[in-house]
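What follows is a short report on a single structure.
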Amino acid sequence: RRLPQAQLRGLVEPWWRLCLELKRDREADQALGWVLEMWAYTLAAARTGVRHQVHKTFQAEPGGAGIYNLDDHDIYHYTFDLDQRAQDFSWSKRHFMSRYPPRLPEP
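Under our numbering, think of the first position of the sequence shown as 158, with each following residue one higher.
Written out as structure tokens, the structure is:
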């Protein structure tokens, strides 16, 4: 089930105001850091009555959750570095913060 556009429109302004409020609060800004906007979205959704369904197989974060098979997941979230040195491969999004990553070879 998709989130109706009218409901999403009603969430945008409270989300934006909460982002600004949290960002201006030194303690909240320091505690939430780079995920402040995500927390603001979650809190604004709860405050405005927007409900979400959570699907266990929607997103995979292999390095953090012990997920080694991505076949059952819809998206891959690059939160953690991939270190497959046994297969002579490693990858980190942090290496590409100021430039695009190189193209990967075809499998």
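Glycine included, each C-beta is placed from N, C-alpha and C at the ideal position.
Asked                                                                                              : Found
Status (buried if at least 16 other CB within 10 Å, exposed otherwise) for L239                    : exposed
Closest by C-alpha distance to D208, when choosing among A217, Q216, T214 and Y198                 : It should be pointed out that residue 208 corresponds to Arg in this sequence rather than to Asp. Per the Cα distances, Y198.
Counted within 10 angstroms of its Cβ, other Cβ atoms place L175 as buried (16 or more) or exposed : buried
CB of A203 within 8 Å of CB of P171, strictly                                                      : no
Residue environment, A217, which counts as buried when at least 16 other CB atoms sit within 10 Å  : buried
Nearest-angstrom Cα separation, counted from L168 out to H230                                      : 27 Å
Top-ranked residue by Cα proximity to M195, from K213, P161, W173 and E184                         : W173
Contact under 8 Å by Cβ, Y235 with K250                                                            : yes
Distance between W248 and L261 (C-alpha atoms, nearest Å)                                          : 11 Å
Integer-rounded CB distance, given that F215 should sit under 8 Å from I232                        : 7 Å
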